[in-house]
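Accompanying notes for the structure given below.
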């Protein structure tokens, strides 16, 4: 039956796939995958049972079956196998076969179907990393493996692993969210350790709850870090009172000084306990203060450092005490009012009112009103006082300026809860305030605030059970009569009165008296959208939309007075309610052929579309965004029994062929859109015949005329729609019609799509046959070939093309492609092709080298041959550029890379380093060359090599100078710099394989003394002496500083005898970088435990003249300096103490 069933249209194809799916005919389905028909293939991919096992050999499947499929189908097929294939062994075989033929990037797609151990091993050794979708799918099947993979990657990046420097965790944001759900402890650990690598993300309520319930200790410990991904309000919601107390304690700064410097940030401590009772909050805060700083927080002890931000965290009694203590010292009056506002309102409000009455300046009065209101709502149960505040504003300040009333609206949001809890009698004063605003015509001066106040009023009266029909009518008339204001309907939102309120609004709408143009339409739009949103949220308690309202909505959607934005918002609201959709969509689709609307009509009443095809197509073809309708017309091809595909096709053909279109109905500008739709509605062969008449005949578009413009628009539409046809191979020959002149750019996108949807075996020969074409098209063809073809074939093509290609731009592309070809899956076979390609470089291929001076992506095994190849490649550039590119190669070689290079090549690079005009540029390489030798024998051999160059370059020019040069004595400076670099490098213990390199430093010292007298290189010898002593020590050893002080005392005794006390300055300047943080400790020991006056002078030079911390150490040092008697030391000490200053703030203790 299936063999005899040959589908003639998309609907029949759909039914055939359904039969194959029901009868599970594998052979039939396999044949469909080899077809060019993209629609047919997309249906076949939905048969999940087909992908649960693979009956044929994996190698045969990859090498014989997959080449019959298109690039897109191949990838989709592998995706399906990755989800449903149950045989792990078969999946691993497929992975290896895919990796061999197409490369690792495609093979990674099958990993989810493999065994966990295989996945783990593969991710460790493969350079290409899974993309965000692949890693998410891998996590679904192998969560432990992916969790460990991401942890390992972050650890490698943090440790400086070269291959992980470009690792971006932001690519795996969704997977990180899953780790947070299923492995909360692991996520917390990762985030705390590698926070800077994490992308911006917010964890939801369920994850926060899981954190709080399962790992509260970790959460409390690391909240200061985790607050970047968690919301504090959600965290405390799921914590007990004890946990909240501990959480707040963990957020206290480490010192009392830093605590009182928090300023406004202290509010965060208050937010942590915000859900507890006020008395509990205050006591917890005081207990935590004592716990953290071992001191009671008393007002008398800390009055000078407590501020207004902190005072709200203290009990009321302490607030009163502090404010009363501060009031006598405060000026002006407004500042007193501010401080009074923190007192309980019973005492604060009357005092502030008296101050307002006395104040003459209106802005100051306004500020005091602000503080009066804040005092009233800072404390609970102050409804009566709030009412008194309104009485005072309305009666005592009735005739005052607008700025006074503005202060009320500024704080309206914070006063809302108090206003809603005021009694109806107390609301009388608020009513007077509303009347005052109206009397002064200030409604539009405070538009948003006044509307909010009216909304609060309506909500309060609803709670009292008053009839609200008239109030809501007046409210709607007011808000929809305002100019330049669109009301986002939120009346009674989030309350039990919302439904009743909306029902009254619907009843009131027909009777509204609105003067503003289109105000009625705005009101209907706003209320209708709100009703639809309410019905969507409360499906069991819907509001009925009356017939008149639906009729008005239909009228708005059909009319011109309603803008596109308003129509879109109405349609969006309608889409949420299936009952309203059913009543409206069928009536408006001709006037507003929105994609969702016409798709709904297509599914419910397809014949109605056919009946009104001319009216509907007039709107669609006139659209400037025809692409939004492509999917709709692809769906139409399934409705063959209703005659829809043929009807719309004939209409488009009529538009194209008709010479004189009715201008009342059609415009000629719609013809390009008709061509775009025909590419979907026509069989490919027929479409090819149709477009032949519109093929460009000349390279240039020509000067502007209406005819030329229309012709060009048609050709643009045809070129861009070539990718939409069902059979890509049949349309491919049409590409060459556009492959020239101004039309070339139009067809490039279609070429990529066609190549991706055509079977590999058929498209590759055609692409090779099309290589004789313009450069722009040729570039796209090469890219497409490399994407579709087996990896090795793509590499061989690039190498063969590079041998003959002369065009610079194309050669650059080919060289970039072969480099990416190697990087995408580094292996010996690919490197050979890569090296072969770069052996064909010419002097004109200079630009292609620019992307190669980065070794982050090159595996260790290929580092040495890659750099050697690169070294050979730079020789091909112009003579003046060779040196700079050689220098680039030398600069990118660090100690880690050095260990991977051969001895002979390292010697070659060393020669280049010493041949530079600016010798200091090669210092880092010379240091790495010496210190990162593989063993001690090699290290000494390399030292001999360096010594030879030093003798040639430095010794012969030792006393040579140039007064016009920046560095007058270059050789002297260079010798000191190279020694300094070696000494600093020798102390970086964690980077060295051979440690300590003391013997190396000693031999270097002997070598220098064999060339020069000690008098000539004193500073250099000081560097070596320090490095030789320090190199075997561990800085954290308890006795290290004592031993170091003794060493420097002996060193000074030795050198000062010969060179005087001036040598002390040189000793301090030659101090190694690793001792930078130990200077103060060293100075203390030199002063307190050594009697040599030279040691005391050195100590003074070591100490910073600005005290920022370590106050205790500075006290000991100062006391020791005051006891010094030696005149040299006394002078230096007095000079030092005169310059000494402190930046440490004095705390409350």
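Residue numbers (UniProt numbering): 1 to 1149. Ideal Cβ positions, reconstructed from N, Cα and C, are used throughout, including at glycine. Fair warning: this is a prediction, and the values are worked out from it, not measured in the lab.
Short of 7 angstroms from the beta carbon of residue 761, and not among the five residues preceding or following it, lie these beta carbons of its own chain, in chain order: 67, 68. In the displayed model, residue 1141 falls within a strand according to three-state DSSP. Check the Cα spacing between residue 796 and each of 772, 491, 837, 843: the tightest is with 837. Residue 1106 is bridged by DSSP to 1141.
In the DSSP assignment, residue 559 is bridged to no other residue. Residue environment: residue 715 is assigned as buried (16 or more neighbouring CB atoms within 10 Å of its CB, all protein chains considered). The continuous alpha helix (DSSP H) containing residue 749 extends over residues 744-757. The Cβ atoms of residue 1086 and residue 1095 lie closer than 8 angstroms to each other. Inter-segment contact for the segment 175-189 and the segment 152-164 is absent: fewer than three beta-carbon pairs are separated by less than 8 angstroms. Counting of Cβ neighbours within 10 angstroms places residue 1070 among the buried residues, the total reaching 16 or more.
Residue 164 and residue 906 have their alpha carbons spaced roughly 25 angstroms apart.
Within the DSSP secondary-structure output, residue 279 pairs in no beta bridge. Residue environment for residue 565: exposed (fewer than 16 other C-beta atoms within 10 angstroms of its C-beta). Taking 8 angstroms as the cut-off, the Cβ atoms of residue 48 and residue 84 count as close. Remark: fewer than three beta-carbon pairs, one from each stretch, lie closer than 8 angstroms, so the segment 555-571 and the segment 539-547 are not flagged as touching.
For the segment 377-463, the continuous alpha helix (DSSP H) assignments of 4+ residues that do not extend past its boundaries occur at 383-391, 402-410, 412-421, 424-439, 447-463, in sequence order. With respect to the 8 angstroms criterion, residue 929 and residue 898 are classified as neighbours on the basis of their beta carbons. For residue 391, the CB contacts under 6 angstroms within the same chain, skipping 5 residues up- and downstream, are 429 in chain order.
Closest option to residue 789, judged by alpha-carbon separation, among 263, 756, 7: 756. For residue 892, same chain residues with a beta-carbon under 8 angstroms away, outside a window of 5 residues either side, are 853, 854, 855 in chain order.
Under the DSSP assignment, residue 246 falls in the alpha helix (DSSP H) whose first and last residues are 241-250.
Per DSSP, residue 613 is one residue of the alpha helix (DSSP H) stretching across 613-621. Here the segment 50-58 makes no contact with the segment 726-738; the two share fewer than three CB pairs at distances below 8 angstroms. Excluding residues up to 5 positions away in sequence, 107 lie with their Cβ nearer than 7 angstroms to the Cβ of residue 99 in the same chain. A check of alpha carbon separations from residue 217 across 635, 848, 247 identifies 247 as the nearest. Under the criterion of beta carbons closer than 8 angstroms, residue 675 and residue 656 qualify as touching, at roughly 7 angstroms. A straight line joining the alpha-carbon of residue 821 with that of residue 830 spans about 7 angstroms. Residue 388 is classed as buried because its beta carbon has at least 16 other beta carbons within 10 Å across all chains shown.
DSSP places residue 839 in the coil class of the three-state scheme, outside both helix and strand. Exposure of residue 263 is indicated by the presence of fewer than 16 other C-beta atoms within 10 angstroms of its C-beta.
Going by DSSP, residue 264 is part of no alpha helix (DSSP H) at all; its letter is neither H nor E. Ranking 978, 504, 840, 295 by CA distance to the CA of residue 913 puts 978 first.
Inclusion of residue 454 and residue 475 in the CB contact set at 8 angstroms is warranted, their separation being smaller than that value. Put simply, the segment 342-355 does not touch the segment 292-303. Fewer than three CB pairs are less than 8 angstroms apart.
In the assembly as shown, residue 775 is an exposed residue. Its beta-carbon has fewer than 16 other beta-carbons within 10 Å. Only residues of its own chain outside the window of five on either side were considered, and among them 1049 have a CB closer than 6 angstroms to the CB of residue 1092, listed in chain order.
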